[in-house]
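See below for the structure under consideration.
There are 2 protein chains.
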Amino acid sequence: MQIFYTQNIQQDKLLLDKTEARHCFKVLRHRNGDTVYVTDGKGHLFTCSVNSPSEALTVIKTTCCPQPRSYYLHLAVPALKKPDRIEWMVEKAVEIGIDEISFLQTHRTEKNKINLERIKAIAVSAMKQSLHYTLPLINPIVSFHTFTQAQYSGLKLIAHCMNEDKKPLKQYEQAARYTVMIGPEGDFTPNELREALSANFLPLSLGSSRLRSETAALAVCMGIYLINDV
Amino acid sequence: MQIFYTQNIQQDKLLLDKTEARHCFKVLRHRNGDTVYVTDGKGHLFTCSVNSPSEALTVIKTTCCPQPRSYYLHLAVPALKKPDRIEWMVEKAVEIGIDEISFLQTHRTEKNKINLERIKAIAVSAMKQSLHYTLPLINPIVSFHTFTQAQYSGLKLIAHCMNEDKKPLKQYEQAARYTVMIGPEGDFTPNELREALSANFLPLSLGSSRLRSETAALAVCMGIYLINDV
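Which chain is which? The protein sequence lines are R and E, in order. With my numbering, the residue at position 158 of the first sequence is 158, and numbering never jumps. Residues are numbered in my numbering as their position in the second sequence, beginning at 1, plus a constant of 1000.
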């Protein structure tokens, strides 16, 4: 099932953007009367009819498809040096299931900027491919300090590589909301860890393997998914 | 800690191949008397001294580092159309922990050949980066039928997307050996599933999310790792 995405919805009419429209009408050659499926990334699936020649879509049916997971996951990941690693991570996280992504600027972060539009496009593509209908919230870069001091309900975890006491996911009680920070390639600094623990983040172990940051992020997504919903 | 890799070991002398030697002596500029660390990918870490001008390495100490996991994992994955997806998957699987990878040719596999040398190079790089010292065995493409009919000890699982009875990982007992088949993008065919079940592969659920093949492969690696060793 091919899904299109738009947020351009006026009553019962949808308009696709240039890229989506090209794919719909030029590549897949949808014509007057064809049925196409469109999501708004907010949990809705619209069954639509094509109205040539305007290429507008008329909504025939709206299905509410709230994301099926039993938990809300907010992952805070470092801005990595290589964009393709961030993109890979976002794609896989959306496939598995994620609600919110923040990008952390820590002491040892390799980069201080990210291409937010590109990342959002990756998220849209992954959402459509995996037949999800809810886009995660994707937040711009935020400093470690600001992120740590903000308020979050539920379980707050920090995944780090230092030789300190930390527990694996399965030893924490299941939660309705998770906020998890992943360290950069050089790990958090001891000061950053102390600050997070003081702000009631609990230390998370991802085992003895030394994982790259994006792999650690996926380990968290996967682990929480497997523990709660599989 | 920078790790080099070679299988060219003659008594107490190691020789690095051209790429590794270039990195060691030209990029990192190791000189006579420097200490370098080398693995043979078979669970050994050699502490070596550089002997200029020959660039040979003399072994000072050998440490046995068997892979630390409590289980053996053999993953059979489809040959995917895009090589970079296979490469990502191999890299991440080696980081998390894997012992053997086979490439399946199924009815719906998109490609029938893989670049085995390239994949082995990815595995070596991931092994070094994650401070593992054991390379997984990487097998060439094998037909679904041949793979299914071979003998494997331990738990044999097939991950598929059909609406048949299947259990999640956590409902299977922990095993010392896992052999897991992952379906191609179009899934296994019903006949293939029947053949696998007849050969005593048990059906594995990875939840309700529709995962790409390489994501499903990582879900299995991660799930088994988290269940057994974290």
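Ideal Cβ placement from N, Cα and C applies to all residues, glycine included. No experiment lies behind these values; they were computed from the predicted model shown.
With distances taken Cα to Cα, identify the nearest neighbour of R/S231 among R/Q149, R/S54, R/G223 and R/I96.
Summary: the structure shown does not reach residue 231 of chain R, with chain R confined to residues 1 through 230, and so no result is reported for it.
Test: R/G207 CB closer than 8 Å to a CB of chain E
yes
When the Cβ atoms of the segment 1127-1139 of chain E are set against those of the segment 1150-1169 of chain E, are three or more pairs found closer than 8 Å?
no
If I follow the unbroken beta strand (DSSP E) through R/S49, where does it start and stop?
H44 to N51
For R/M162, does the three-state DSSP call read helix, strand or coil?
coil
Could you tell me whether the Cβ of E/R1108 comes closer than 8 Å to any Cβ of chain R?
no
Using only alpha-carbon positions, find the residue among R/T19, R/L45, R/W88 and R/Q171 that is nearest to R/A217.
R/W88
In angstroms, rounded to a whole number, what distance separates the CA positions of E/V1027 and E/T1019?
11 Å
My parser needs the alpha helix (DSSP H) runs of 4 or more residues fully inside the segment 116-141 of chain R; what are they?
116-129
Any C-beta of chain E sitting closer than 8 Å to the C-beta of R/S213?
no
Let me check one thing: in DSSP terms, what residues is R/F4 bridge-paired to?
R/V38
For the segment 48-106 of chain R, list the alpha helix (DSSP H) runs that are entirely contained and at least 4 residues long, ordered along the chain.
83-96
Would E/K1156 and E/L1202 be called neighbours here (beta carbons separated by less than 8 Å)?
yes
Given E/C1221, which residues of its chain have a CB within under 8 Å of its CB, disregarding the five upstream and five downstream residues?
L1073, L1075, K1092, A1093, I1096, G1097 and I1098
Any chain E beta carbon closer than 8 Å to R/E231
The structure shown does not extend to residue 231 of chain R, since chain R is modelled only from 1 to 230, so the question has no answer here.
Would E/R1210 count as contacting chain R if we go by Cβ distances under 8 Å?
yes
Locate the beta strand (DSSP E) running through E/Y1178, then write down its first and last residues.
R1177 to I1182
Since E/P1190 contacts E/R1108 with CB under 8 Å, what's their CB separation in whole angstroms?
Contact flag wrong, Cβ pair sits at about 12 Å.
Please list, in chain order, all residues of the same chain as E/E1110 whose beta carbon is under 7 Å from its beta carbon, the five residues on each side excluded.
L1080, K1081, P1184 and E1185
Using a C-beta cutoff of 8 Å, does R/S49 count as contacting chain E?
no
Compare the beta carbon distance of E/E1100 and E/L1135 with 8 Å and say whether it is the shorter of the two.
no
Please classify E/H1030: is it buried, with 16 or more other beta-carbons within 10 angstroms of its beta-carbon, or exposed?
buried
Are the C-beta atoms of R/V230 and some chain E residue less than 8 Å apart?
yes
Measuring CA to CA, which of E/A1176, E/A1126 and E/Y1225 is closest to E/Q1319?
With chain E covering only 1001 through 1230, there is no way to say anything about residue 1319 of chain E.
So what does DSSP say about E/I1009, is it helix, strand or coil?
strand
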